[in-house]
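Participant: In terms of this note's numbering, the sequence shown opens at residue 530 and continues consecutively. Quick reminder that beta carbons are idealized off the backbone N, C-alpha and C, glycines included.
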Amino acid sequence: MLKAKPNLESRIRTLKRVWLIIYDMLRGKNNDFGWDEHRQLVFAEDAFPVL
Numbered sequence: 530m531l532k533a534k535p536n537l538e539s540r541i542r543t544l545k546r547v548w549l550i551i552y553d554m555l556r557g558k559n560n561d562f563g564w565d566e567h568r569q570l571v572f573a574e575d576a577f578p579v580l
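Pasting the structure below:
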């Protein structure tokens, strides 16, 4: 068994968590965000409070 395996598994879990947050922002229940193809960045439809 590789010594790096637990580290890789932890990193994969972290990446999945981050991906789900981004997916939710763009396509999920909080889809007030979108992608601007021209400027290549994420934008928000309406103003929202910063926490």
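1. On the three-state DSSP scale, how would you describe D575?
2. Going by beta-carbon coordinates alone, are D553 and E574 separated by less than 8 Å?
3. On the DSSP letters alone, give me the boundaries of the beta strand (DSSP E) that D565 sits inside.
4. In whole angstroms, give me the CA-to-CA distance for L549 and G563.
5. Return the first residue and the last residue of the alpha helix (DSSP H) that I556 is part of.
Facilitator: A quick look at the data gives this:
1. coil
2. no
3. F562 to D565
4. 15 Å
5. One point to set straight first is that residue 556 is Arg, not Ile, in the sequence displayed. Looking at the DSSP string, R556 is not in any alpha helix (DSSP H), and its letter there is neither H nor E.
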